[in-house]
Amino acid sequence: MTELPPLSFLSHDEQDALIRALWAQVQALTARGAELAARLGEPAKNSANSRQPPSQDGKANRAAKPQRPGPRQGSLGRKGGGRALSANPDETVIARPVYCLRCQAVFAAADHKLVDRYDKIELPQVTPVVTRVELYGGHRQACGTTTLAPLPEGLEQGSPYGIGIVALALYLRLTHAISYQRLNSMMLELFGLAISEGALDGAFQHVKPRLDAEVGAILSRPRRARVVCSDETSVRVDGRTCWNWVFQNIEVVIHVIRHSRGAGVVREVMDGHRPALWLSDFYSAQRCHAADWQICLAHQLCDCQFAVEAGDAIFAPRTKALLLPAFVLARRRHHLDETTRRQYR
Numbered sequence: 003m004t005e006l007p008p009l010s011f012l013s014h015d016e017q018d019a020l021i022r023a024l025w026a027q028v029q030a031l032t033a034r035g036a037e038l039a040a041r042l043g044e045p046a047k048n049s050a051n052s053r054q055p056p057s058q059d060g061k062a063n064r065a066a067k068p069q070r071p072g073p074r075q076g077s078l079g080r081k082g083g084g085r086a087l088s089a090n091p092d093e094t095v096i097a098r099p100v101y102c103l104r105c106q107a108v109f110a111a112a113d114h115k116l117v118d119r120y121d122k123i124e125l126p127q128v129t130p131v132v133t134r135v136e137l138y139g140g141h142r143q144a145c146g147t148t149t150l151a152p153l154p155e156g157l158e159q160g161s162p163y164g165i166g167i168v169a170l171a172l173y174l175r176l177t178h179a180i181s182y183q184r185l186n187s188m189m190l191e192l193f194g195l196a197i198s199e200g201a202l203d204g205a206f207q208h209v210k211p212r213l214d215a216e217v218g219a220i221l222s223r224p225r226r227a228r229v230v231c232s233d234e235t236s237v238r239v240d241g242r243t244c245w246n247w248v249f250q251n252i253e254v255v256i257h258v259i260r261h262s263r264g265a266g267v268v269r270e271v272m273d274g275h276r277p278a279l280w281l282s283d284f285y286s287a288q289r290c291h292a293a294d295w296q297i298c299l300a301h302q303l304c305d306c307q308f309a310v311e312a313g314d315a316i317f318a319p320r321t322k323a324l325l326l327p328a329f330v331l332a333r334r335r336h337h338l339d340e341t342t343r344r345q346y347r
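For the sequence shown, the residue numbers in the working numbering are 3 to 347.
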């Protein structure tokens with residue numbers, strides 16, 4: 003109904019029907035308003051009370067920083083803390099005055115007194131070291147064979163970039179997630195090394211088989227482990243949503259990025275191995291992969307915290323009070339007797 007019909011032309015039955023229809027709309031709008039009001043009263047979701055990653059937490063304004071103290075004195079007579087002096091400085095500079103600024107008298111050796119001692123730290127200028135390799139071959143006219151000279155390790159033909167450059171580029175790329183473009187600029191600005199994005203990618207592809215071997219060694223450990231923990235979260239790869247799976251126990255952690263969030267990823271990683279215990283949240287794809295299943299208490303603690311913040315004063319606080327001692331006992335379990343552990347359980 004977009005506009006009210008002329009009431010004088012309606013019969014009593016039609017007016018009653020109109021009143022009932024309007025009353026039903028009022029009831030529906032009232033219920034909707036109450037639902038929205040209840041939502042406004044809910045606590046905000048964050049990484050402490052939900053599965054939301056910390057990167058999505060809102061950043062609150064920081065309080066004003068305390069006033070920093072003035073320039074600190076040297077190590078002689080300095081009060082409070084400070085950076086300890088280096089035990090083995092690379093160079094020592096001794097500064098002694100020659101004459102008095104007031105009377106112009108020349109100081110004797112006994113007039114000098116050490117007033118302060120401090121370190122100045124600087125990075126040396128790092129420039130690429132270029133090694134020219136001239137490879138000779140010996141040719142025998144009699145047999146027509148050319149024999150190349152042996153090369154020292156690390157100076158083989160191929161990429162001109164040594165293992166130190168590749169290792170630094172890999173560290174910056176994989177650990178600090180620096181893009182190819184920025185990595186190219188960093189190499190040029192910090193080290194004076196012009197290396198194209200294509201050369202970087204080629205160096206990474208060249209070293210990939212060695213990394214694959216390390217990944218295989220890591221994978222072999224959860225595939226024979228008694229206890230495996232797992233979780234997954236979304237990640238963007240080349241503009242597409244993928245899933246970053248993590249599998250771990252007390253010995254090893256491995257991350258696997260796949261396009262799927264299904265249980266097939268778990269079967270691929272475990273390669274037929276069924277641990278004695280699997281620890282995860284309630285997501286169905288992470289269940290039924292072991293002889294027994296343990297609910298992830300950290301996830302449950304977040305849910306309890308959200309329920310407490312939402313106003314639950316009966317169930318969630320008691321469950322949280324049960325989970326927290328479980329965390330403490332878990333850290334102590336290796337130092338407890340079996341009978342004590344059974345009693346606590």
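From the three backbone atoms N, C-alpha and C, an ideal C-beta is built for every residue, glycine too.
- In this model, R242 and G313 are separated by some 38 Å (Cα to Cα).
- For K322, same chain residues with a beta-carbon under 6 Å away, outside a window of 5 residues either side, are C306 in chain order.
- If one requires a minimum length of 4 residues, the alpha helix (DSSP H) runs lying completely within the segment 286 to 326 are 299 to 311, in chain order.
- Each residue's CA atom was taken as its position, placing R225 and Q288 some 16 Å apart.
- Straight-line spacing of the CA atoms in L325 and L87 works out to 47 Å.
- Judged by their CB atoms, T133 and G194 are not nearer to each other than the 8 Å cut-off.
- By the criterion of a C-beta distance shorter than 7 Å, Y101 is surrounded in its chain by A107, V108, F109, once the five residues flanking it on both sides are discounted.
- The shortest CA-to-CA distance from E253 to any of R228, A205, D118 is the one to R228.
- Your pair V258 and W247 checks out as a contact, with CB atoms roughly 5 Å apart and the cut at 8 Å.
- Here D203 has Y182 as same chain residues with Cβ atoms under 8 Å from its own Cβ, once five neighbours each way along the sequence are excluded.
- Distance between V131 and I167, taken at the CA atoms: about 11 Å.
- DSSP places F109 in the coil class of the three-state scheme, outside both helix and strand.
- For Q127, no beta strand (DSSP E) segment is defined, and its DSSP state is neither H nor E.
- With distances taken between CA atoms, L125 lies nearest to D92 out of E44, D92, A66, L281.
- With a beta-carbon spacing of about 10 Å, R260 and V268 fall beyond the 8 Å limit used to define contacts.
- Taken atom to atom, the span from the alpha-carbon of A40 to that of S187 is near 52 Å.
- Per DSSP, reduced to three states, the secondary structure at R41 is helical.
- Looking at L24, L338, S286, N48, the one whose alpha-carbon comes closest to that of G60 is N48.
- In its chain, beyond the 5 residues on either side, S161 have a beta carbon closer than 7 Å to the beta carbon of H208.
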